[in-house]
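Numbering (UniProt numbering), first residue to last: 1 to 242.
Since the structure comes first, as structure tokens, the remarks are kept for the end.
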């Protein structure tokens with residue numbers, strides 16, 4: 001199986017990075033010719049292709065949502081974090097809610113398509129070594145999503161779980177976003193199996209383990225005191241991790 005994964009991983013890497021290179025100038029054109037909406041449409045399509053490219057590794061992505069998500073308001077998607085491949089499904093399957101990510105500053109440069117999207121698509125790029133910059137950036141981000149009726153996507157664990165076992169949530173980022181979006185709803189997401197893509201390390205990649213993302217019932221931000229809200233969200237997210 002591992003020998004097969006070397007072959008499939010090589011093909012996947014070629015396809016994956018080719019997609020990033022192809023969509024980089026298309027993103028630029030979408031932004032310049034059609035503004036934010038045009039850029040977002042290109043990003044959505046790119047992430048559909050990135051999801052489908054996982055089929056090369058025998059990996060299907062399942063997205064389960066049994067709940068009615070509120071429209072015309074800000075949603076805050078809160079999820080556990082297992083790998084890079086947590087992100088394309090959130091962008092594609094939740095595209096009607098315009099999810100914008102909180103990301104580390106380093107990803108804002110040097111990566112075709114991904115850096116462009118983070119820099120010009122409305123994301124928050126925070127410096128983990130500079131708490132003052134991080135809080136300032138999160139404040140601007142929180143106001144931006146409120147103004148545009150976008151949604152936020154945040155991984156409160158901070159770093160990826162390399163074994164699938166969830167880590168404790170760090171609440172500062174979520175607290176800042178909630179502060180400026182008291183009318184918003186938090187939507188917990190539970191992500192399963194995406195860590196298995198990197199179970200051998202960066203190369204070769206794991207094959208054949210389906211990624212599943214489950215959406216839980218939305219929780220109004222102002223429905224509970226913040227500490228109780230965070231506890232409920234963290235418990236809900238972790239309840240769906242297997």
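Backbone N, C-alpha and C define an ideal beta-carbon position, used for all residues, glycine too.
Values in this document were obtained by computation on a predicted structure and should not be read as measured data.
When DSSP reads this structure, residue 188 sits in a beta bridge with 78. With 16 or more other Cβ atoms inside 10 Å of its own Cβ, residue 151 counts as buried.
In the displayed model, residue 142 falls within a helix according to three-state DSSP. Taking the CA atoms as reference points, residue 230 sits about 10 Å from residue 236.
Taking the CA atoms as reference points, residue 109 sits about 15 Å from residue 28. Collapsing the DSSP output to three states places residue 62 in a strand. Note that the C-beta distance between residue 213 and residue 174 is not below 9 Å. DSSP lists no beta-bridge partner residue for residue 224. Residue pairing by DSSP places residue 215 opposite 65, 189 in a beta bridge. Beta-bridge analysis with DSSP links residue 102 to 124. Each residue's CA atom was taken as its position, placing residue 160 and residue 81 some 5 Å apart.
Residue 151 has 99 as its beta-bridge partners, per DSSP. From the listed residues 59, 65, 228, 106, the smallest Cα separation to residue 193 is found for 59. Here residue 31 is buried: its Cβ has 16 or more other Cβ atoms, across all protein chains shown, within 10 Å. For residue 67, the number of other beta carbons within 10 angstroms of its own is below 16, and it is reported as exposed.
In summary, residue 155 is buried, with 16 or more beta-carbon neighbours lying within 10 Å of its beta-carbon over all protein chains present. In this model, residue 79 and residue 191 are separated by some 7 Å (Cα to Cα). With contacts defined by Cβ atoms closer than 9 Å, residue 185 and residue 75 form a contacting pair.
Apart from sequence neighbours up to five positions away, the residues of its chain that approach residue 157 with a beta-carbon distance below 8 Å are 80, 81, 166, 167, 168, 169, 170, ordered along the chain. Here DSSP, grouped into helix, strand and coil, assigns residue 173 to helix.
If you draw a straight line from the Cα of residue 49 to the Cα of residue 62, it is about 15 Å long. In this structure, residue 33 keeps its C-beta atom at 9 Å or more from the C-beta atom of residue 204. In the structure shown, residue 93 adopts helical secondary structure according to DSSP, grouped into three states. DSSP places residue 6 in the uninterrupted alpha helix (DSSP H) bounded by 2-53.
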